[in-house]
Each structure stands twice: as C-alpha cells, then as structure tokens.
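In our numbering, the protein residues as written are -19 to 129.
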C-alpha cells in the first residue's frame, strides 16, 4: 500500500463523495446557524442549531462507519491473500504426494487406490484454489474504491 493504514483511510475519506456531501451539509447548517439565525425567530434559530448539531453527528458517524469498513476490507484482503498462499502450498504438496504415490506404485510399494486417492487430493486442492482465486481481486477493488463499501 505504501502508506500507513491511518494515512490510507484519511486519503480515502478526503476523496469519498458521500463524506464530501456530508461535510457540505455541515457547512450549510453552520452557515444557517450563524448567519440566518440572526434574522430568524427563536424557534427557527433553535431549529438551525439543531440541524447543525445533527449534521455534525451524521458526518462523524459516517466517517467512523467508513473507517471501519475500510479497515475490515483491508483485513479481509489480507486474510484472502493468506488463504490463497495456503491453497497454493496445499496444491504443491498434493502434487508432490501424487508423484510419490505413482513412484511407490511403480515400485510395488503401494496400490492403485493410493494413487487414485493422491489424484483426488490434487483435484480437491485445485478446486479449493480455483474457488478463492478471484475473491482477493474483488476485495482489493472494493478497498481501492471505498464508495462501494
């Protein structure tokens, strides 16, 4: 990623359109509270102050939610990458075991059933790898495009 998670999250928050809109809502509410209330009734002034506080609260909650979503997506990417590496190692191990089973079979040290089981283990490892091969790509895409979170 090249930067700390905190910097990454802050950069994403600074470019997120939803957050930008909520920041604009806070600015608008603050303007209404500070300038429009001068020529308003007490109830309108109180309403403007409430709207400002509500806009700040909404922005704060949205930022916290977005930060958590980004952190969770990052953690999921890391986990999926670890799963992918493990699946690759398992496939390599299964292939090595198959070669060993075939060699032992040719030497008369085991049965055809042992070779078949080793072949099934390779197929299972290939299927497992195939199932998770695209998952990290989707999560990375979401992490890079945080508007999707």
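All C-beta atoms in this analysis are idealised placements derived from N, C-alpha and C, irrespective of residue type, glycine included.
What does a CB cutoff of less than 6 angstroms around residue 10 pick up in its chain, not counting 5 residues either side in sequence?
Position 30 of the chain shown, counted from the start, is the residue given in the question as residue 10. 32, listed in sequence order.
What does a CB cutoff of less than 6 angstroms around residue 108 pick up in its chain, not counting 5 residues either side in sequence?
As a working note, residue 108 is residue 128 in the chain shown. Closer than 6 angstroms at Cβ, skipping near neighbours: 67.
Own chain partners of residue 81 with C-beta closer than 6 angstroms, once the 5 adjacent residues on each side are dropped:
The count along the chain shown starts at 1 and reaches residue 81 at position 101. Closer than 6 angstroms at the Cβ level, and outside the excluded window around residue 81, lie 94, 95, 98.
Residues in its own chain within less than 7 angstroms of residue 61 by CB, not counting five upstream and five downstream?
Reading the chain shown from its first residue, position 81 is the one you call residue 61. 116.
In angstroms with no decimal places, state the Cα-to-Cα distance between residue -8 and residue 56.
One-based indexing of the chain shown puts residue -8 at position 12. One-based indexing of the chain shown puts residue 56 at position 76. Cα to Cα, the separation comes out at about 17 angstroms.
In terms of residues, what are the limits of the alpha helix (DSSP H) holding residue 113?
The residue you call residue 113 lines up with position 133 of the chain shown. Neither: residue 113 is in no alpha helix (DSSP H) and is coded neither H nor E.
Going along the chain, which residues of its own chain have a beta-carbon closer than 8 angstroms to the beta-carbon of residue 42, five neighbours each way excluded?
The sequence position of residue 42 within the chain shown is 62, counting from 1. So the list reads -2, -1, 2, once near-sequence residues are dropped.
Which value, in whole angstroms, describes the spacing of the CA atoms of residue 38 and residue 48?
Locating residue 38 in the chain shown gives position 58, where the first residue counts as 1. Locating residue 48 in the chain shown gives position 68, where the first residue counts as 1. Going by the C-alpha atoms only, they are around 15 angstroms apart.
Simplified DSSP assignment, three categories, for residue 89
Taking the chain shown and counting its residues from 1, the one referred to as residue 89 is at position 109. In the structure shown, residue 89 sits in coil (DSSP, three-state: anything other than H, G, I, E or B).
Assign residue 74 to buried or exposed, taking buried as 16 or more other Cβ atoms, counted over all protein chains shown, within 10 Å of its Cβ.
As a first step, residue 74 must be located in the chain shown, where it is residue number 94. Burial call: buried.
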